[in-house]
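Engineer:
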Amino acid sequence: MQSLTIIRPDDWHLHLRDGAVLARTVADTAAQFNRAMIMPNLSPPVVDTAMAIAYKARLDAQNTSLTPLMTLYLTDHTSAQEIQLAFDSGIVKAVKLYPAGATTNSAAGVTNIENIYPAIEKLEELGMPLLVHGEVTHSHVDIFDREKGFIDQQLAPLLQRFPKLKCVFEHITTSEAAQFVTGASDLVAATITPQHLLYNRNDMLVGGIKTHLYCLPVLKRNTHQQALQQAVSTSNTKFFLGTDSAPHAQGAKESACGCAGCYSSPAAIELYAQAFESFDALDKLEAFASLNGPDFYGLARNSETITLTRRSWQVPSSLSFGNELIIPLGAGETLNWKMEA
Ligand code: DOR
Ligand code: ZN
Numbered sequence: 050m051q052s053l054t055i056i057r058p059d060d061w062h063l064h065l066r067d068g069a070v071l072a073r074t075v076a077d078t079a080a081q082f083n084r085a086m087i088m089p090n091l092s093p094p095v096v097d098t099a100m101a102i103a104y105k106a107r108l109d110a111q112n113t114s115l116t117p118l119m120t121l122y123l124t125d126h127t128s129a130q131e132i133q134l135a136f137d138s139g140i141v142k143a144v145k146l147y148p149a150g151a152t153t154n155s156a157a158g159v160t161n162i163e164n165i166y167p168a169i170e171k172l173e174e175l176g177m178p179l180l181v182h183g184e185v186t187h188s189h190v191d192i193f194d195r196e197k198g199f200i201d202q203q204l205a206p207l208l209q210r211f212p213k214l215k216c217v218f219e220h221i222t223t224s225e226a227a228q229f230v231t232g233a234s235d236l237v238a239a240t241i242t243p244q245h246l247l248y249n250r251n252d253m254l255v256g257g258i259k260t261h262l263y264c265l266p267v268l269k270r271n272t273h274q275q276a277l278q279q280a281v282s283t284s285n286t287k288f289f290l291g292t293d294s295a296p297h298a299q300g301a302k303e304s305a306c307g308c309a310g311c312y313s314s315p316a317a318i319e320l321y322a323q324a325f326e327s328f329d330a331l332d333k334l335e336a337f338a339s340l341n342g343p344d345f346y347g348l349a350r351n352s353e354t355i356t357l358t359r360r361s362w363q364v365p366s367s368l369s370f371g372n373e374l375i376i377p378l379g380a381g382e383t384l385n386w387k388m389e390a
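For the sequence shown, the positions run 50 to 390 when this note's numbering is used.
See below:
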């Protein structure tokens with residue numbers, strides 16, 4: 050196959066940040082995707098509808114073709130009324146659960162899921178999706194076991210208590226998560242990032258630490274990577290594209306305490322194509338990238354198409370990022386597919 054035309058994809062999990070870097074982050078995503086689910090872990094976080102509307106205005110001011118779908122950041126204090134306001138706005142499409150301390154800018158997240166039962170009950174009633182960062186945060190739990198711990202201790206009981214809750218298990222990284230989502234009701238789906246399909250923890254740790262592959266949830270062992278590859282190779286519609294593209298400047302990554310996140314937006318669809326081709330599933334790329342997400346969210350599929358052509362190209366080794374530089378995922382690597390402009 051030399052060329053692949055698919056319906057224009059959407060990114061169902063994206064960090065754009067704020068301020069001067071939006072010129073780069075919004076444009077990079079708009080070049081490939083039509084819509085994106087915008088994560089709310091700004092500093093300070095987007096905790097109410099007024100903040101979401103103001104943030105959307107700053108994204109729209111970039112004047113690109115991107116349609117941002119906004120989310121709220123749940124805290125211990127998010128009320129059912131706040132959820133109703135968000136729903137009524139028509140602008141906030143989902144809410145995000147960050148267990149406090151799980152990742153970047155999650156300090157204001159939820160310390161005990163019982164604190165937000167009223168908010169979750171309201172989500173269930175409205176059919177509004179809950180997006181979860183699925184990791185427990187107890188210091189005694191090994192970082193490689195935190196996703197499985199979250200399923201057993203938090204997610205399974207939560208979905209039992211709220212069986213009509215629409216829920217996306219974000220950026221899954223383990224065979225246990227893929228299995229859990231597969232076995233759950235049709236109201237439960239998952240996003241998968243390019244880095245968790247392309248790499249495992251050996252890629253990050255053997256022969257020197259590759260700080261630009263460090264993200265959360267952290268890359269797991271190869272058998273988990275294979276389970277994710279298997280999940281997207283079936284025709285299971287519960288799995289869809291969410292890059293979790295999470296830009297941090299080069300200096301913040303290449304530091305004694307490097308930030309978590311991979312900036313995949315500039316080559317996102319090409320990275321996914323590279324992955325899908327490597328496990329012989331290119332014919333499954335369109336459903337994963339462009340159909341399963343809108344179908345799950347009850348939104349129309351995009352009508353435009355994009356075309357990928359088989360031609361070798363090199364991902365840039367760095368890009369401008371405000372006054373700094375950023376190292377994109379796959380920097381300097383040769384990819385086999387290029388999206389035509
Ligand atoms: O690697 C990550 N980076 N994982 C997250 O959950 C958050 C993200 C970020 O915002 O930097
Ligand atoms: Zn994220």
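Beta carbons: idealized from backbone N, C-alpha and C, even for Gly.
If distances are taken between C-alpha atoms only, which option among Ala-330, Glu-326, Tyr-263 and Met-177 comes closest to Cys-306?
Structural biologist: Mapped onto the sequence shown, residue 306 falls at position 257. Among Ala-330, Glu-326, Tyr-263 and Met-177, the Cα nearest to that of Cys-306 belongs to Tyr-263.
Engineer: Do the segment 342 to 352 and the segment 275 to 282 touch if we need at least three Cβ pairs shorter than 8 angstroms?
Structural biologist: Because the criterion of three Cβ pairs below 8 angstroms is not met, the segment 342 to 352 and the segment 275 to 282 do not touch.
Engineer: Measuring alpha carbon to alpha carbon, tell me which of Ala-380, Asn-351 and Val-181 ends up nearest Gln-363.
Structural biologist: The residue given as residue 363 occupies position 314 in the sequence shown. Considering only alpha carbons, the answer is Ala-380.
Engineer: Tell me which residues share the same chain as Thr-94 and place their Cβ nearer than 7 angstroms to its Cβ, disregarding the 5 neighbours each side in the sequence.
Structural biologist: To locate residue 94, count along the sequence shown from 1; it is residue 45. The sequence as given places Pro at residue 94; Thr does not occur at that position. The answer, listed in chain order, is Tyr-122, Asn-154 and Ala-157.
Engineer: Is any heavy atom of ligand 2 found at a distance shorter than 7 angstroms from the C-beta of His-62?
Structural biologist: Here residue 62 corresponds to residue number 13 of the sequence shown, with the count starting at 1. Within the cutoff, so yes.
Engineer: Any heavy atom of ligand 1 closer than 7 angstroms to the CB of Ala-168?
Structural biologist: Your numbering for residue 168 matches position 119 in the sequence shown. No.
Engineer: Have a look at the DSSP bridge pairing and note the partners of Cys-216.
Structural biologist: For the purposes of this step, residue 216 is taken as residue 167 along the sequence shown, with counting starting at 1. Cys-216 pairs with Leu-179 and Val-237.
Engineer: Which residues does DSSP list as the beta-bridge partners of Arg-84?
Structural biologist: Your numbering for residue 84 matches position 35 in the sequence shown. Answer is Thr-116, bridged to Arg-84.
Engineer: Which whole-angstrom value is the C-beta distance of His-273 and Thr-222, which I expect to be below 8 angstroms?
Structural biologist: Within the sequence shown, numbered from 1, the residue matching residue 273 stands at position 224. Within the sequence shown, numbered from 1, the residue matching residue 222 stands at position 173. Correct: roughly 6 angstroms between the Cβ atoms.
Engineer: Would you check if the distance between the CB atom of Thr-98 and the CB atom of Ser-138 is smaller than 8 angstroms?
Structural biologist: As a first step, residue 98 is located in the sequence shown; it is residue number 49 there, counting from the start. As a first step, residue 138 is located in the sequence shown; it is residue number 89 there, counting from the start. Contact flag set, yes.
Engineer: Give me the DSSP bridge partner(s) of Gln-363.
Structural biologist: The residue given as residue 363 occupies position 314 in the sequence shown. DSSP lists Thr-383 as partners of Gln-363.
Engineer: Give the secondary structure of Tyr-346 by DSSP, where H, G and I count as helix, E and B as strand, and everything else as coil.
Structural biologist: Position 297 of the sequence shown, counted from the start, is the residue given in the question as residue 346. Helix at Tyr-346.
Engineer: Under 8 angstroms by Cβ, that's how I've got Ser-128 and Pro-167 pegged, so tell me the actual separation to the nearest angstrom.
Structural biologist: Numbered from 1 along the sequence shown, position 79 holds the residue referred to as residue 128. Numbered from 1 along the sequence shown, position 118 holds the residue referred to as residue 167. Yes, they are in contact, since the Cβ atoms of Ser-128 and Pro-167 sit about 7 angstroms apart, within 8 angstroms.
Engineer: Using DSSP with H/G/I as helix, E/B as strand and the rest coil, what is Pro-167?
Structural biologist: For the purposes of this step, residue 167 is identified with residue 118 of the sequence shown, where counting begins at 1. In this structure, Pro-167 counts as helix in the three-state DSSP scheme.
Engineer: Check each candidate in Glu-196, Asp-332 and Gly-300 and name the one with the smallest Cα separation from Val-230.
Structural biologist: Here residue 230 refers to the residue found at position 181 of the sequence shown. Selected option, being the one with the closest Cα: Glu-196.
Engineer: What is the rounded straight-line gap between the Cα of Leu-290 and the Cα of His-64?
Structural biologist: Numbered from its first residue, the sequence shown carries residue 290 at position 241. Numbered from its first residue, the sequence shown carries residue 64 at position 15. So the two alpha carbons sit approximately 14 angstroms from each other.
Engineer: Just checking His-245 against ligand 2 - is the residue's beta carbon closer than 7 angstroms to any of the ligand's heavy atoms?
Structural biologist: Here the question's residue 245 lines up with position 196 in the sequence shown. Because no heavy atom of ligand 2 lies under 7 angstroms away, the Cβ of His-245 does not count as near it: no.
Engineer: Are Lys-269 and Asn-249 touching if we call contact CB-CB under 8 angstroms?
Structural biologist: Within the sequence shown, the letter at position 220 stands for residue 269. Within the sequence shown, the letter at position 200 stands for residue 249. Contact flag set, yes.
Engineer: Excluding the 5 residues preceding and the 5 following Leu-53 in the sequence, name in chain order all residues of the same chain whose CB lies nearer than 6 angstroms to its CB.
Structural biologist: Sequence index remark: in the sequence shown, residue 53 carries index 4 (1-based). Once the five neighbours on either side are set aside, the close Cβ partners of Leu-53 are Leu-357.
Engineer: Give me, in chain order, the residues of the same chain whose beta-carbon lies closer than 6 angstroms to that of Ala-287; leave out the 5 immediate sequence neighbours on both sides.
Structural biologist: For the purposes of this step, residue 287 is taken as residue 238 along the sequence shown, with counting starting at 1. The question names Ala, yet the displayed sequence has Lys at residue 287. These residues qualify, in order along the chain: Val-230 and Ala-238.
Engineer: Using 10 angstroms around the beta-carbon of Pro-212, count the other beta-carbons present and answer buried if the total reaches 16, otherwise exposed.
Structural biologist: By one-based count along the sequence shown, residue 212 stands at place 163. Exposed, by the Cβ-count rule.
Engineer: Helix, strand or coil, according to DSSP, for Ala-330 in the structure here?
Structural biologist: Residue numbering aside, residue 330 sits at position 281 when the sequence shown is read from its first letter. Three-state DSSP puts Ala-330 in coil, outside helix and strand.
Engineer: Is Leu-172 near ligand 1, judged by its Cβ being under 7 angstroms from some heavy atom?
Structural biologist: Taking the first residue of the sequence shown as position 1, residue 172 is located at position 123. Leu-172: no, Cβ never under 7 angstroms from ligand 1.
Engineer: Going by C-alpha to C-alpha distance, which of Val-181, Gln-133 and His-297 sits closest to Leu-71?
Structural biologist: Working through the sequence shown from its first residue, we reach residue 71 at position 22. Residue His-297 is the option with its Cα nearest to Leu-71.
Engineer: Just to confirm the assignment, what range does the beta strand (DSSP E) spanning Leu-91 have?
Structural biologist: Your numbering for residue 91 matches position 42 in the sequence shown. Run containing Leu-91: none; DSSP gives neither H nor E here.
Engineer: Sorry if obvious, but does the Cβ on Ala-317 come closer than 7 angstroms to a heavy atom of ligand 2?
Structural biologist: Residue numbering aside, residue 317 sits at position 268 when the sequence shown is read from its first letter. Ala-317: no, Cβ never under 7 angstroms from ligand 2.
Engineer: Cutting at 6 angstroms between CB atoms, please list the residues of its own chain near Tyr-321, excluding the five before and the five after it.
Structural biologist: In the sequence shown, residue 321 corresponds to position 272, counting from 1. Pro-243, listed in sequence order.
Engineer: Which residue comes first and which comes last in the alpha helix (DSSP H) that contains Val-141?
Structural biologist: Within the sequence shown, numbered from 1, the residue matching residue 141 stands at position 92. It is not in any alpha helix (DSSP H) - Val-141 instead sits in the beta strand (DSSP E) that spans 141 to 146.
Engineer: Just to confirm my understanding: we take Ala-233, look at its own chain, exclude 5 residues before and 5 after, and list those with CB closer than 7 angstroms. What are they?
Structural biologist: Counting from 1 along the sequence shown, the entry for residue 233 is found at position 184. Correct list, in chain order: Leu-208.
Engineer: I want to check one thing, is the minimum distance from the CB of Ala-80 to the heavy atoms of ligand 2 below 7 angstroms?
Structural biologist: Counting from one through the sequence shown, the residue named residue 80 turns up at place 31. No; taking the cut-off as 7 angstroms, the Cβ of Ala-80 has no heavy atom of ligand 2 nearer than that.
Engineer: Of the choices Asp-77, Val-159, Met-88 and Glu-326, whose alpha-carbon is the least far from that of Asn-112?
Structural biologist: Within the sequence shown, residue 112 is the residue found at index 63, counting from 1. Nearest of Asp-77, Val-159, Met-88 and Glu-326 to Asn-112, Cα basis: Asp-77.
Engineer: Distance, Cα to Cα, Ser-369 vs Glu-163?
Structural biologist: Taking the first residue of the sequence shown as position 1, residue 369 is located at position 320. Taking the first residue of the sequence shown as position 1, residue 163 is located at position 114. If I take the Cα positions, the gap works out to 43 angstroms.
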